[in-house]
Amino acid sequence: MGTTASKQLFDAAASNDVVKLRALVNGGIDINMPLGPDEVTVLHAAAEKGHRRTVDFLLEKGAEVDRKTSEGRAALYIASKRGHVEVVKSLLEHGADIETNRKNGRTSVVIASKKGNVEVVKYLGGRGANLEASRNDRCTPLYFAAKKGHVELAQFLIDSRVDIEASSIDGTTPLMIAAQKGQYAMVEVLLDRGANVEARRKDACTALYLAAKTGQLRIVKLLLEHGANVDARDSIVRLHTFLDGLQPSVAWDHATSSRSD
Numbered sequence: 000m001g002t003t004a005s006k007q008l009f010d011a012a013a014s015n016d017v018v019k020l021r022a023l024v025n026g027g028i029d030i031n032m033p034l035g036p037d038e039v040t041v042l043h044a045a046a047e048k049g050h051r052r053t054v055d056f057l058l059e060k061g062a063e064v065d066r067k068t069s070e071g072r073a074a075l076y077i078a079s080k081r082g083h084v085e086v087v088k089s090l091l092e093h094g095a096d097i098e099t100n101r102k103n104g105r106t107s108v109v110i111a112s113k114k115g116n117v118e119v120v121k122y123l124g125g126r127g128a129n130l131e132a133s134r135n136d137r138c139t140p141l142y143f144a145a146k147k148g149h150v151e152l153a154q155f156l157i158d159s160r161v162d163i164e165a166s167s168i169d170g171t172t173p174l175m176i177a178a179q180k181g182q183y184a185m186v187e188v189l190l191d192r193g194a195n196v197e198a199r200r201k202d203a204c205t206a207l208y209l210a211a212k213t214g215q216l217r218i219v220k221l222l223l224e225h226g227a228n229v230d231a232r233d234s235i236v237r238l239h240t241f242l243d244g245l246q247p248s249v250a251w252d253h254a255t256s257s258r259s260d
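Going by numbering that gives the first Met the number 0, the sequence shown opens with residue 0, and the numbers climb by one from there.
Structure (structure tokens):
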């Protein structure tokens, strides 16, 4: 089979045309044949589009469920990234490796968490996926949920008893990254669920310092209300200013009088 047949196969998968796919398969086309240097197979393409009927058909006809692209993406990873929970179900029902990962260690749970695909994460968790899996830099699903402000996802992960203090390779906790990125609602959730307000990165920065440094005044106020130490130091500079040279007392007054609360 040549390039034309391969293109027909991929076009049929992209349009969820199982009738045409069946005709091509019956004609002897290799459904595991990759297209192009990225080594994308028709199963990868169908998973990307979220076409469960096509995915089911391809798997029943012998598509390699755990085959990866040149960048290390399996169909389960692709479907999880896109939030296609029905395709995720199909792939797992056909024996996909739930912990398959890319070279950087990123699993399907990790990428689904980064994208905020709550239903995918819940399903993967229900099937036994490691909800504390991490990339090589030790960033966990909760870390990404905190960073991106995915509150419902974070609550699910915490309810599933993941480590709320699990830190990245430089010691950044979910609370720290949420404070740094201005995710106010997330900071509220993490504090209410017992996150350590005085935890420090390897360079000794705290959530309070990171919030102050990035101008997150409402979060500065919130952290102070939860007992953050205003005299905390990091390895570079004492935390004696919050914004543009403001002293702590001035920053506090400014925060408490803010109309944005």
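Here a beta-carbon is modelled for each residue, glycine too, at the ideal position from N, C-alpha and C. This structure is a prediction, so every number in the text was calculated from the model and none was measured.
Query: If you drop the 5 nearest sequence neighbours on each side, which residues of the same chain put their C-beta closer than 7 angstroms to that of G115?; Result: K147, H149, L152
Query: The alpha helix (DSSP H) that contains H43, what's its start and end?; Result: 41-48
Query: Here's a check: name, in chain order, each residue in its chain whose Cβ is nearer than 7 angstroms to the Cβ of S234, leaving out the five neighbours to either side.; Result: Caution applies to S234, whose pLDDT of 35 falls short of 50 and renders its modelled position unreliable; the model cannot decide the point.
Query: Does DSSP put T106 in a helix, a strand or coil?; Result: strand
Query: Drop a sphere of 10 angstroms on the beta-carbon of P140, count the other beta-carbons inside from all chains shown, and report buried for 16 or more, exposed for fewer.; Result: buried
Query: Would V18 be called buried (16 or more neighbouring beta carbons within 10 Å of its own) or exposed?; Result: exposed
Query: For L130, which of helix, strand or coil comes out of DSSP?; Result: coil
Query: Can you list, in chain order, the residues of its chain whose CB lies under 6 angstroms from that of K6, leaving out five sequence neighbours each side?; Result: none
Query: For G269, which residues in the same chain have their Cβ closer than 7 angstroms to its Cβ, ignoring the five residues on either side in sequence?; Result: The chain is shown only over 0 to 260; residue 269 falls outside these bounds and no answer can be derived.
Query: Just how far apart, CA to CA, sit A210 and K113?; Result: 21 angstroms
Query: For R21, which residues of its own chain have a beta-carbon under 8 angstroms away from its beta-carbon, when the five flanking residues on both sides are left out?; Result: F56
Query: Can you name the residues that DSSP bridges to L34?; Result: V39
Query: Measuring CB atoms only, is the region 174-188 touching the region 118-133, in the sense that at least three cross pairs come out at less than 8 angstroms?; Result: no
Query: Provide the residue(s) that pair with K121 in DSSP beta bridges, ordered along the chain.; Result: Answer is none; K121 lacks a bridge partner.
Query: Give every residue of the same chain whose Cβ lies closer than 7 angstroms to the Cβ of K88, excluding the five residues on either side of it in the sequence, and list them in chain order.; Result: Y122
Query: Just verifying my parser: in three-state terms, what is the DSSP assignment at N228?; Result: coil
Query: Note down, in chain order, each residue of its chain lying with its Cβ closer than 7 angstroms to the Cβ of A13, except the 5 sequence neighbours on either side.; Result: A44, K48
Query: Skipping 5 residues on each side, what residues in its chain have a beta carbon closer than 7 angstroms to that of R192?; Result: I157, I163
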